[in-house]
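In the working numbering, the protein residues as written are 6 to 101. Think of the CB as a built atom: it goes at the ideal place given N, C-alpha and C, for glycine as much as any other residue. All values reported here derive from a predicted model rather than from experimental measurement. What follows is one structure encoded as structure tokens, with my remarks underneath.
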């Protein structure tokens with residue numbers, strides 16, 4: 006079945022409409038916890054073992070336990086400034 010033929014689902018966190026085969030929400034990054042039956046393409050609850058439509062055994066899906074949020078590049082640069090640089094500039098200016 007083509008991707009366009011799959012039913013859409015909604016993100017459980019933000020409500021964004023997603024394709025049924027999405028693994029993560031493209032708006033908020035929440036993992037999609039639904040399982041799509043490989044035989045009939047029915048969207049099933051994340052903890053279902055068998056498809057609610059055709060009874061096919063569903064594949065288990067592993068989700069990451071923790072997410073690491075990246076900081077903005079500007080925040081990383083600000084945090085990496087060494088106090089020794091400021092001290093050196095202070096000494097240089099005071100020597101003038």
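Check: With DSSP as the reference, please indicate the residues paired to residue 22 in a beta bridge.; Outcome: 15
Check: Just reading off the alpha helix (DSSP H) that residue 51 is part of, what are its end residues?; Outcome: Per DSSP, residue 51 belongs to no alpha helix (DSSP H) and is neither H nor E.
Check: Beta-carbon within less than 7 Å of residue 91's beta-carbon, same chain only, minus the 5 sequence neighbours each way: which residues are those?; Outcome: none
Check: What is the rounded straight-line gap between the Cα of residue 61 and the Cα of residue 53?; Outcome: 11 Å
Check: Rounded to whole angstroms, what is the Cα-Cα separation between residue 64 and residue 40?; Outcome: 8 Å
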